[in-house]
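Protein chains in written order, with my numbering: chain Y, 1 to 657; chain A, 1 to 657. First the structure, in the form of structure tokens, and then the observations on it.
Number of protein chains: 2
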Amino acid sequence: MATSTTKTGQPLDRPVLDSMLRRRMFYTPAFEVYGGVSGLYDYGPPGCSLQANIIETWRKHFVLEEDMLEVDCTMLTPHEVLKTSGHVEKFADWMCKDPKTGEIFRADHLVEEVLESRLKGDKEARGQKVEIDEEKEAKRKKKAKDIKALKLDDSVVKEYEEILAKIDNYDGGELGLLITKYNITNPTTGGNLEPPVAFNLMFQTSIGPSSNLAGYLRPETAQGQFLTFQKLLDFNQQSMPFASACIGKSFRNEISPRAGLLRVREFLMAEIEHYVDPEGGKKHPRFDEVADVKLVLLDRKVQLSGSTNTTEMTIGEAVKSGTVDSETLGYFIARIHLFLLRLGTDPKKMRFRQHMANEMAHYAADCWDAELLTSYGWIECVGCADRSAYDLTVHTRKTGAPLFVRETRNEPLKIEEWQVDIDKKKFGPRFKKEGKTVEAAIEALDQEIREKLSLDLEKNGKIELEVPGTETGKVAIDKDLIKIEKRTRTEHTREYTPNVIEPAFGIGRILYSLMEHVYWSREGAEERGVLSFPPPIAPTKVLLVPLSGGHPDLKPLVKRLSQKLRRLGISNRVDDSGASIGKRYSRNDELGTPLGITVDFQSVHDNSYTLRDRDSTKQVRSDEDTICRAIQSLIEGQKTWADVQKELPEFTQQELD
Amino acid sequence: MATSTTKTGQPLDRPVLDSMLRRRMFYTPAFEVYGGVSGLYDYGPPGCSLQANIIETWRKHFVLEEDMLEVDCTMLTPHEVLKTSGHVEKFADWMCKDPKTGEIFRADHLVEEVLESRLKGDKEARGQKVEIDEEKEAKRKKKAKDIKALKLDDSVVKEYEEILAKIDNYDGGELGLLITKYNITNPTTGGNLEPPVAFNLMFQTSIGPSSNLAGYLRPETAQGQFLTFQKLLDFNQQSMPFASACIGKSFRNEISPRAGLLRVREFLMAEIEHYVDPEGGKKHPRFDEVADVKLVLLDRKVQLSGSTNTTEMTIGEAVKSGTVDSETLGYFIARIHLFLLRLGTDPKKMRFRQHMANEMAHYAADCWDAELLTSYGWIECVGCADRSAYDLTVHTRKTGAPLFVRETRNEPLKIEEWQVDIDKKKFGPRFKKEGKTVEAAIEALDQEIREKLSLDLEKNGKIELEVPGTETGKVAIDKDLIKIEKRTRTEHTREYTPNVIEPAFGIGRILYSLMEHVYWSREGAEERGVLSFPPPIAPTKVLLVPLSGGHPDLKPLVKRLSQKLRRLGISNRVDDSGASIGKRYSRNDELGTPLGITVDFQSVHDNSYTLRDRDSTKQVRSDEDTICRAIQSLIEGQKTWADVQKELPEFTQQELD
């Protein structure tokens with residue numbers, strides 16, 4: 001794995017970035033004055049504003065642009081719903097306890113960690129180069145530097161590698177056997193571990209005063225959306241395809257969260273459930289609009305071959321070649337790509353990785369993750385899964401609610417089939433109280449058997465049937481009681497359960513990865529960090545700096561400008577501290593504020609102001625209205641700084657460091 | 001209580017409105033296909049969009065306009081935090097169980113309900129008019145119509161009335177005594193009830209795999225905000241006053257929620273914590289801007305006198321007269337008023353009610369609720385409390401974190417005080433191992449005692465002190481060991497814990513009340529409901545209707561218009577169903593869509609369109625660009641329909657019902 005880099009290609013020093021992000025309050029550990037709770041973070045003002053801007057962009061890019069039906073479902077979810085969806089049973093990790101120390105390990109991570117560390121020790125002993133995967137490193141209690149150089153038998157190396165390749169595939173019992181067989185112990189103390197037990201990752205609570213309604217905090221927004229399917233279809237006047245969308249917090253009671261904002265117990269998600277008719281290859285009407293979008297793909301086959309070499313191709317080619325399963329899935333993959341670019345992520349640090357068969361959810365037909373490269377490695381930030389008809393089907397089966405589409409066929413469907421007629425007048429007297437049972441057994445016969453029986457009837461003048469629940473368990477029916485004929489039936493309506501294409505965005509992961517992508521530091525001043533958010537995404541748009549701190553002549557101008565920008569909907573902050581202009585700008589470089597206005601004594605005379613660009617530190621000067629217009633067009637993304645620089649006179653004094 | 005009315009003053013039929021709101025999917029009971037969970041609702045597309053517009057308006061009106069520091073804190077909150085804040089102990093209701101039926105009653109509501117019902121029975125027996133309080137009626141299991149006309153003794157009536165006046169004041173034991181004394185039973189079955197037990201209203205869960213970190217879903221966003229105080233003060237460069245703000249879900253495990261969207265278990269809040277220096281009367285620098293805002297007030301004194309007569313006065317007068325405690329509290333009350341008006345609530349159905357002493361939270365210095373009149377009665381939608389220094393103080397005391405302000409005094413403070421000097425050289429030999437204890441006892445003496453002792457010293461040449469922990473419990477100290485003098489000390493910094501003014505908005509309650517306020521129906525067509533949201537608040541801004549359903553000549557125009565509006569950030573929906581124009585418009589009146597564009601065959605020829613106003617059903621016609629500009633200025637609130645009607649030619653054909 002390559003070392004991660006800043007926006008300008010320098011090595012990224014994560015502790016330095018991290019301390020800057022905390023100092024500027026992009027985020028802060030929650031409840032820190034109480035010692036904190038791992039996996040819980042608060043966003044401070046810039047983080048909160050950044051998050052709001054990402055969400056607003058998401059709403060415009062998806063909900064508004066695609067006319068999606070946004071819903072707001074509750075987080076509290078009753079047990080029954082998550083039992084049906086499979087989460088009560090399957091949304092769990094296996095954990096092992098060390099009975100001596102009380103430490104708890106996630107079993108698959110532990111096996112992975114220990115075997116990998118042994119393989120590394122083996123490589124070292126064989127004098128081979130050891131690569132360090134920083135992502136896994138961060139999760140690990142025992143660091144790679146503690147690895148013992150110990151050569152393994154070739155056969156053992158092979159066994160370990162095979163186990164690691166399918167590590168997501170083992171259940172608790174199998175993990176337990178691996179732990180025993182390979183003598184895996186507490187990496188710190190060497191102590192023996194108890195066998196793995198399932199730990200459900202949902203936060204449980206009880207709803208109402210009588211404690212008998214168990215509930216959970218939702219692990220995804222999807223289930224709430226599925227349950228509104230029927231009403232949304234009505235709302236959409238029965239028109240398919242359509243999509244619902246939901247933005248809200250979801251929860252995951254991680255066994256041992258580390259890796260900062262990337263693995264948290266409470267996180268903001270934005271999920272889309274796009275309902276599509278499974279017939280006709282899941283085409284998408286707007287696929288042509290994105291067919292030429294070029295993507296970096298890492299497909300399943302390449303991964304299975306043990307490689308991580310990516311391929312660049314258009315989504316049009318990917319769908320045509322079958323690499324991506326359908327147009328609809330491909331359409332959303334391309335739209336996700338465009339969304340991430342709009343936020344300012346680095347296209348060189350973005351790829352779409354296909355899930356391998358053993359890591360896909362049990363219901364999924366195909367799944368691609370948008371991954372962003374960070375100092376923790378490649379991070380899954382958006383999942384784009386074809387959930388097939390799984391969820392709607394299980395909820396319908398459980399509740400009887402018609403979570404499907406019923407539509408009039410353009411042309412009635414003619415179906416040739418074997419139909420059975422019973423002569424009811426003779427049937428009753430013949431079979432007496434067994435009549436109903438026999439009748440039901442006949443109704444349940446499938447087409448193949450009906451065809452065979454029709455031949456029997458013709459040949460023998462009767463048929464013989466096994467009918468459990470009758471006295472002898474068998475009945476014979478004569479041809480005067482029954483007729484079996486091939487006929488044509490006409491179906492005017494069609495019922496089908498739509499398939500679901502689900503793009504699911506982890507907003508917190510995108511937010512963190514974005515901060516790494518736009519981070520750099522000025523040449524020759526490595527301690528001066530800059531966050532180059534695109535203006536529409538930046539937390540605050542404009543910094544207002546009176547040249548001379550709180551000078552009474554400048555104060556009213558600053559106040560007026562600030563109010564004017566506010567009225568234009570442009571967030572701004574005033575820094576009238578006594579620090580030098582350079583210091584004040586550098587503070588705001590760290591906050592990622594793209595523009596700065598300097599108010600000086602010339603401003604008092606002629607109402608002209610200096611506008612500074614964060615990235616180039618270049619400045620232009622003009623009158624108040626022109627400056628405000630320039631700001632607005634930059635914020636709305638209509639102009640770039642290069643445009644503004646061409647139009648307005650440059651200003652070269654006064655950048656005093 | 002007056003019967004509630006529609007926007008146009010007609011009686012409001014809640015079941016009719018409610019069925020419309022559900023049909024149009026403003027909201028829907030959550031998990032309905034699973035039978036639902038009381039107190040949990042989902043918002044469908046129009047409700048969700050309405051909520052987003054309310055939030056956006058809130059952000060502009062408060063966060064942006066007042067330069068507040070928005071934070072996003074977690075909902076999961078560890079036990080310790082809520083223990084310190086008092087929620088673990090006090091955020092509870094008392095409940096009684098009927099052991100036979102298993103029914104659970106909220107004790108105070110039950111006592112209130114039964115005594116009120118008896119008082120009504122008494123009135124009926126005395127031939128007096130019985131007023132029905134619809135809000136309480138809705139909560140009640142036994143309806144008023146079941147009341148028995150039974151005359152009570154005058155003394156009993158007086159007792160009941162006194163109990164009801166202070167019903168919020170009883171604890172569980174007292175409620176239990178009332179239940180026994182007045183023979184209060186299950187209103188439906190008459191069965192005896194178990195004594196009241198406290199039921200904490202927080203949802204509990206456990207964080208992490210080892211089950212030893214108890215946590216709750218937060219009951220308010222406030223605590224998370226308080227814990228970030230110190231970091232926010234740093235972020236704000238130590239400048240006071242400032243405010244933090246947080247928008248997010250909070251939770252309350254109601255014993256038995258009814259009353260629809262007004263009493264739910266999971267709700268969106270928007271809370272502001274404004275930190276102010278308690279010295280100098282809690283002035284607000286921008287109070288002048290709102291001093292003339294007229295408000296309808298219902299103060300504490302009036303309520304205690306048993307009346308609900310409101311007074312109209314400016315907030316300037318209210319603060320001056322001491323009705324409202326401080327400028328800062330008054331400033332926010334006025335700003336809340338302006339915010340609610342901006343959303344479109346009816347000023348005639350809005351009042352500010354002051355909390356009475358016995359209903360205020362234990363920490364509050366003063367509290368006013370913005371109440372909106374609905375068919376459930378007056379509903380608390382915004383609370384505006386002065387929480388004093390309570391929260392910051394208890395968290396500081398518990399954790400030692402400096403949740404206070406330390407500032408350099410403009411002028412050093414000179415303090416005259418009695419200081420004690422000890423001659424340490426002689427003190428040690430004299431008191432030996434008791435020296436430290438005696439010294440500490442002297443240090444702890446307050447000013448008054450020091451003054452008295454200085455006189456003793458002068459008069460008797462020694463002082464006598466009781467010092468617990470010494471051998472005799474008493475010591476005498478001669479004047480050669482000790483000196484007590486009045487001197488002046490100079491203090492250069494000042495430390496203080498800010499007071500908190502907290503405007504807390506229940507977004508769901510505002511949303512529901514607003515829907516009642518803007519609801520009306522067309523004269524002569526009572527079944528045709530209209531929701532007259534102001535254009536900036538309305539869920540969808542524009543309906544696009546091709547005159548003739550899906551006619552191929554009109555389709556491309558509709559598509560182009562829709563995309564154009566979308567690019568301008570204006571949400572719109574197309575209705576190209578086969579229904580009549582009138583039917584399609586009436587569907588969208590119910591959705592509260594303020595504007596409609598009709599695309600007809602004339603549009604194909606000259607690119608002109610008809611623009612329809614929801615409220616007046618008047619139409620104007622012009623070319624595409626003019627129509628789009630008109631829409632934009634209406635949506636942004638720069639123009640009214642009356643302005644547009646003056647500027648553009650009226651169109652009178654084609655409103656076909």
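Beta carbons are placed, not taken as given, at the ideal position from N, Cα and C, and that holds for glycine. Given the structure is predicted, the values throughout are model-derived calculations rather than measurements.
Alpha-carbon spacing of residue i relative to residue j, whole angstroms
i: LYS564 of chain A; j: ILE570 of chain A; result: 9 Å
i: ILE477 of chain Y; j: THR488 of chain Y; result: 25 Å
i: LEU729 of chain Y; j: LYS349 of chain Y; result: With chain Y represented from 1 up to 657, any question about residue 729 of chain Y goes unanswered, as that position is not in the structure.
i: MET75 of chain Y; j: ASN499 of chain A; result: 33 Å
i: LYS139 of chain Y; j: VAL324 of chain Y; result: Any reading at LYS139 of chain Y needs caution, since the residue's pLDDT is 49, under 50, leaving its predicted position unreliable; the model's value is listed next. About 32 Å.
i: PRO78 of chain Y; j: ALA198 of chain Y; result: 21 Å
i: ARG126 of chain A; j: ALA370 of chain A; result: 37 Å
i: ALA364 of chain Y; j: LYS282 of chain Y; result: 15 Å
i: SER4 of chain A; j: LEU21 of chain A; result: 17 Å
i: HIS274 of chain A; j: ILE501 of chain A; result: 5 Å
i: GLY86 of chain A; j: ARG522 of chain A; result: 51 Å
i: LYS7 of chain Y; j: LEU514 of chain Y; result: 10 Å
i: GLN630 of chain Y; j: SER305 of chain Y; result: Per the sequence shown, the amino acid found at residue 630 of chain Y is Ala instead of Gln. Spanning the two alpha carbons is a distance of roughly 53 Å.
i: TRP641 of chain Y; j: PRO535 of chain A; result: 34 Å
i: GLY215 of chain A; j: VAL81 of chain A; result: 9 Å
7 Å Cβ cutoff met for residue i and residue j
i: ASP277 of chain A; j: MET313 of chain A; result: no
i: GLN225 of chain A; j: SER244 of chain A; result: yes
i: CYS381 of chain A; j: ARG509 of chain A; result: yes
i: LYS249 of chain A; j: LEU268 of chain A; result: yes
i: SER603 of chain Y; j: LEU561 of chain Y; result: no
i: THR408 of chain A; j: THR497 of chain A; result: no
i: ASN200 of chain A; j: ALA361 of chain A; result: no
i: ILE482 of chain A; j: ILE422 of chain A; result: yes
i: GLU327 of chain Y; j: HIS355 of chain Y; result: no
Partner residues on chain A for residue i, Cβ-Cβ distance less than 8 Å
i: SER577 of chain Y; result: GLN237
Range of the contiguous alpha helix (DSSP H) that encloses residue i
i: HIS395 of chain A; result: 390-399
i: GLN674 of chain A; result: An answer regarding residue 674 of chain A cannot be provided, because it is not within the stretch 1 to 657 covered by chain A.
i: PRO196 of chain A; result: Element bounds for PRO196 of chain A: n/a, residue is neither H nor E.
i: PRO429 of chain A; result: 424-431
Whole-number beta carbon distance between residue j and residue i, since they are thought to touch under 8 Å
i: ASP122 of chain Y; j: LEU150 of chain Y; result: 7 Å
i: ASP589 of chain Y; j: GLY549 of chain Y; result: Going by Cβ atoms, the distance from ASP589 of chain Y to GLY549 of chain Y rounds to 19 Å, so no, they are not a contact pair.
i: TYR43 of chain A; j: VAL264 of chain A; result: The Cβ separation is near 11 Å, so there is no contact.
i: LEU595 of chain Y; j: ARG612 of chain Y; result: 7 Å
Partners in chain A for residue i, counting only beta-carbon separations shorter than 7 Å
i: PRO209 of chain Y; result: MET95, ILE104, PHE199 and ILE255
i: LEU227 of chain Y; result: PHE31 and VAL33
i: LEU40 of chain Y; result: THR74 and LEU76
Contacts of residue i in chain Y (Cβ-Cβ under 8 Å)
i: CYS48 of chain A; result: GLU70, VAL71 and ASP72
i: VAL81 of chain A; result: PHE31 and TYR34
Proximal residues of chain Y, C-beta to C-beta of residue i below 9 Å
i: THR399 of chain A; result: VAL33, TYR34 and GLY35
Residues that residue i contacts on chain C, provided the C-beta gap is smaller than 8 Å
i: ARG566 of chain A; result: Checking the listed chains, one finds no chain C in this structure; the protein chains it contains are Y and A.
Range covered by the beta strand (DSSP E) that runs through residue i
i: ARG584 of chain A; result: Premise fails: ARG584 of chain A lies in the alpha helix (DSSP H), 581-591, not in any beta strand (DSSP E).
i: TYR512 of chain Y; result: Where TYR512 of chain Y is concerned, there is no enclosing beta strand (DSSP E), although the alpha helix (DSSP H) it sits in stretches over 507-517.
Contacts that residue i makes with chain A (C-beta to C-beta distance below 9 Å)
i: GLU266 of chain Y; result: THR74, MET75 and LEU76
i: MET25 of chain Y; result: LEU69, VAL71, THR228, LYS231, LEU232, ASP234 and PHE235
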